[in-house]
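Protein chains in written order, with our numbering: chain A, 54 to 578; chain B, 250 to 418.
What follows is the structure, given as structure tokens:
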């Protein structure tokens, strides 16, 4: 099906005579893989853009003969462009047509040494001072322990864009923020209260996840994936396991898939509940904060009772899940979900009654549909700005291909719209939970994960509560992980924050930031 | 506005202890007694994420939800290390946060205490020590108490705070 949808793009490519290989429907199925000569990388990218394909991810892997590079695009199905770049060669940058490629290209350079031609922003991104400009941690010869014995100095000389003129001031914020929040640096250029420009500087929580994964067994990889971004532990765990299972061709029992979806929807609901409360709190509406955190706590306690962990960490494993629900638990969860639906619906009505809240959230932090499309924003950030994409709906995976649910979409693109999307997704997810629990298939909850007979690779795609998660895994013949690249949706939404904050006032930054709620850890890797 | 009040009244008081959670109430009561005695009723915590996956932060946040409401025990989270008695650190200390953590600690007035919270803060957890992570918090600043868990639950966090009080008593 993916191939059919991608046909116009493939036709345009062959019309341009770019010498591409035949589309491969098996290696990274259900994605279609296309071998592209490095010299044709820019042309293929331009054609992809003109055919309306969305840019999703790019990662590089150092090899003995240079770099193996993959770029994922989406147009109703996933397409993986693949190329090999010789050591003395530079790959044409995709940033000129897809701005979303900018930071991933800089990340790839910082970790692998791959050079990009015509990269508009030559600055380092993930690298601060923990390793040198001529060192590349993902190269096999770079020791996992690093080469630095002395304490790492702070990254003080990053060249931020500066505004000049009368009355312009610069406000540095972070990495340690005022609240209980992840670290990152924000550099504002402002005139009075008005933000002229915001530049994000991330990478503070870079934990070397891609390097750490090398040599792990599949079970350990699933645990690591569950800690890429703790609030998305279920979704990242699922994406990694899906990639592993697709790599070895392991069919997961239906009951396990249903239980994974139950956990994923519960994760979505819990995070959205927390976010709605926090967004309201950031404009001083504490009533909503206390009410929504109350519901979130209740929900987490139910997670603990049913799955033995409040955030459901490590419950998804390669081959299935570790926890089953008995009839009494299913019954209790269905009652709880129905009860919560009523409570949330009522609370949302109360919140919408508040005119002062409306006044603070509407038109604040607006990301136009055109900007969202240009950046390829996903999740609630994209959906609040006219982009309906949802992996569960548009590139469905089991069990979502069996269920009915709506994907809410607005075009206003403001904080209010991003909040409303969350509220509507909660109600859709609660509806889905009811459907999933009613139809839970009988049978096993896991199958043993086999050691592959030869090296293999897989691509997982899951819709987490923040949006699309893509995870690439390559397993060696010894059953150990050779490459792990998890693409958190935050890579595609952090840049949106820089745009939507412009012309807003500095004191509205917290609420704008919360409305996007990018993951620092998921991004910094 | 009237509807808001109705909701507040009908939601009622959910603050612990509900029947199954008597131990939270007991933990809290003892914590409050110790905070009263040792800190004149108020202890200030500055939290620093030095590289965590954010799961630890979610659970620390939960301490302020109406179920736990730690402020009633005299425990509150502050924005500045200069106002803090306790530094609550999470994460395997990424090398990119090493200096920021050190400076936050140095900005605190004495006496000060450091809690390493969660598996990563104790010894690096699944991230260990690498080119990107220093490992446990103790590698960067002196640690007074560790709280196990991945992530530590609000209950474990409360028990940890109490253990810190008791270790001083």
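Glycine included, C-beta positions come from ideal geometry on N, C-alpha and C.
### Query
With 8 Å set as the bound, which would you pick, yes or no: does the beta-carbon of residue 284 of chain A sit closer than that to a beta-carbon of chain B?
By this cut-off, residue 284 of chain A is an interface position.
query = Exposed or buried, what is residue 324 of chain A when buried is set at 16 or more other beta-carbons lying within 10 Å of its beta-carbon?
reply = Counting every other CB atom within 10 Å of its CB across the protein chains shown gives residue 324 of chain A a total of 16 or more, marking it as buried.
- With residue 306 of chain B as the anchor, note down where its alpha helix (DSSP H) starts and where it stops. Counting along the chain, the unbroken alpha helix (DSSP H) around residue 306 of chain B starts and ends at 304-311.
N-terminal and C-terminal residue of the alpha helix (DSSP H) that residue 354 of chain B is part of: Element bounds for residue 354 of chain B: 347-355.
- Query: To the nearest angstrom, how far is it from the Cα of residue 260 of chain B to the Cα of residue 272 of chain B?
  - Reply: Using only the alpha carbons, I get a separation of about 23 Å.
Could you tell me whether any Cβ in chain A is nearer than 8 Å to the Cβ of residue 393 of chain B?
No, residue 393 of chain B lies away from the interface with chain A (no Cβ there is under 8 Å from its Cβ).
message: Against residue 376 of chain B, what residues of chain A qualify as contacts under a CB-to-CB distance less than 9 Å, listed in chain order?
response: Those within 9 Å of residue 376 of chain B in chain A are 260, 261, 262, 265, 277, 280.
Helix, strand or coil at residue 399 of chain B according to DSSP, with G and I counted as helix: It is coil, neither helix nor strand.
*asked:* At the level of alpha carbons, what is the spacing between residue 433 of chain A and residue 548 of chain A?
replied: Residue 433 of chain A and residue 548 of chain A have their C-alpha atoms roughly 14 Å apart.
- [ ] Below 7 Å CB to CB, which residues in the same chain sit around residue 259 of chain A once its five sequence neighbours on both sides are set aside?
- [x] 179, 577, 578.
>> Checking the sheet assignment: what are the DSSP bridge partners for residue 125 of chain A?
In response: Paired residues: A:110, A:133.
message = Could you compute how far the alpha carbon of residue 266 of chain B sits from the alpha carbon of residue 191 of chain A?
response = Any reading at residue 266 of chain B must be qualified, since the residue scores a pLDDT of 49, below 50, and its modelled position is unreliable; the value itself is stated next. Going from the Cα of residue 266 of chain B to the Cα of residue 191 of chain A covers about 51 Å.
Open item on the list: Counting only Cβ-Cβ distances shorter than 8 Å, please list the residues of the stretch 235-260 of chain A near chain B, keeping chain order.
Closed with: Answer set for the stretch 235-260 of chain A: 235, 236, 256, 257, 258, 259, 260.
I'd like the list of long-range same chain contacts for residue 327 of chain A, defined as Cβ closer than 6 Å, with 5 residues on each side in sequence excluded. Around residue 327 of chain A, the same chain offers 349 as residues with beta carbons nearer than 6 Å, after the five sequence neighbours per side are excluded.
Output the distance between the C-alpha atoms of residue 412 of chain B and residue 393 of chain B, rounded to the nearest integer angstrom.
When only Cα atoms are considered, residue 412 of chain B and residue 393 of chain B end up about 10 Å apart.
*Output, in chain order, the set of chain B residues within a Cβ distance shorter than 8 Å of residue 343 of chain A.*
Residues of chain B passing the Cβ test: 314, 315.
Going by alpha carbons, who is nearest to residue 150 of chain A out of A:427, A:565, A:322, A:555? Out of A:427, A:565, A:322, A:555, A:427 has the C-alpha closest to the C-alpha of residue 150 of chain A.
**Request:** Could you tell me which uninterrupted beta strand (DSSP E) segments, each at least 3 residues in length, are contained entirely in the stretch 426-462 of chain A, listed from first to last along the chain?
**Result:** With a minimum length of 3 residues, no continuous beta strand (DSSP E) run stays inside the stretch 426-462 of chain A.
Checklist entry - Using CA coordinates, which residue listed in B:329, B:311, B:298, B:293 is at the minimum distance from residue 323 of chain B? => result Check the Cα spacing between residue 323 of chain B and each of B:329, B:311, B:298, B:293: the tightest is with B:293.
Open item on the list: Just verifying my parser: in three-state terms, what is the DSSP assignment at residue 213 of chain A?
Closed with: Reduced to three states, the DSSP call for residue 213 of chain A is coil.
Open item on the list: Under 8 Å, Cβ to Cβ, is there at least one residue of chain A near residue 310 of chain B?
Closed with: At least one chain A Cβ lies under 8 Å of residue 310 of chain B.
Using a Cβ-Cβ cut-off of 8 Å (strictly less than) and excluding sequence neighbours within five positions of residue 404 of chain B, which residues of its own chain qualify? Excluding the 5 residues flanking it on each side, residue 404 of chain B has same chain C-beta neighbours closer than 8 Å at 272, 273, 276, in chain order.
Exercise. Residue ranges of each beta strand (DSSP E) run of no fewer than 3 residues wholly in the stretch 234-270 of chain A, ordered along the chain?
Worked result: Counting whole runs of 3 or more residues, the stretch 234-270 of chain A contains the beta strand (DSSP E) stretches 238-244, 247-254.
| query | Which bits of chain B does residue 395 of chain A rub up against, with CB to CB less than 9 Å? | reply | Using a Cβ-Cβ cut-off of 9 Å, residue 395 of chain A is close to nothing in chain B; its nearest Cβ partner there is about 12 Å away.
Looking at the structure shown, is residue 537 of chain A part of a helix, part of a strand, or coil, going by DSSP?
In the three-state reduction of the DSSP assignment, residue 537 of chain A falls in the strand class, which pools E and B.
- What's the C-alpha gap between residue 307 of chain A and residue 554 of chain A? Distance between the alpha carbons of residue 307 of chain A and residue 554 of chain A is about 44 Å.
Open item on the list: Taking the alpha-carbon of residue 546 of chain A as reference, which of A:480, A:484, A:573, A:301 has the nearest alpha-carbon?
Closed with: When each option's Cα is compared against that of residue 546 of chain A, the closest is A:573.
CB contact flag (residue 298 of chain A, residue 287 of chain A, <8 Å): Cβ distance not < 8 Å, so residue 298 of chain A and residue 287 of chain A don't count as in contact.
Measure the alpha-carbon distance for residue 224 of chain A versus residue 231 of chain A and round it to whole angstroms.
Taking the Cα positions, residue 224 of chain A is about 14 Å away from residue 231 of chain A.
* Asked: Going along chain A, which residues have a C-beta under 9 Å from residue 297 of chain B?
  -> Going along chain A in sequence order, the residues near residue 297 of chain B (Cβ under 9 Å) are 229, 236.
Sequence ranges, alpha helix (DSSP H) only - wholly within the stretch 337-402 of chain A, length at least 4: Entirely contained in the stretch 337-402 of chain A, the alpha helix (DSSP H) runs reaching 4 residues are, in chain order, 339-360.
So is residue 117 of chain A buried or exposed if we call it buried at 16+ other beta carbons inside 10 Å?
-> Exposed.
Checklist entry - So, does the CB of residue 340 of chain B fall closer than 8 Å to a CB anywhere in chain A? => result By this cut-off, residue 340 of chain B is an interface position.
Inset, instruction - Mind reading off the beta-carbon distance from residue 270 of chain A to residue 513 of chain A? Whole number of angstroms is fine, and I expect it under 8 Å. - result: That belief does not hold up - the Cβ atoms of residue 270 of chain A and residue 513 of chain A are roughly 17 Å apart, past 8 Å.
With residue 365 of chain B and residue 386 of chain B assumed to form a contact (beta carbons below 8 Å), what rounded beta-carbon distance in angstroms separates them? Going by Cβ atoms, the distance from residue 365 of chain B to residue 386 of chain B rounds to 4 Å, so yes, they are a contact pair.
Secondary structure of residue 481 of chain A, DSSP reduced to three states
The answer is helix: DSSP assigns residue 481 of chain A an H, G or I state.
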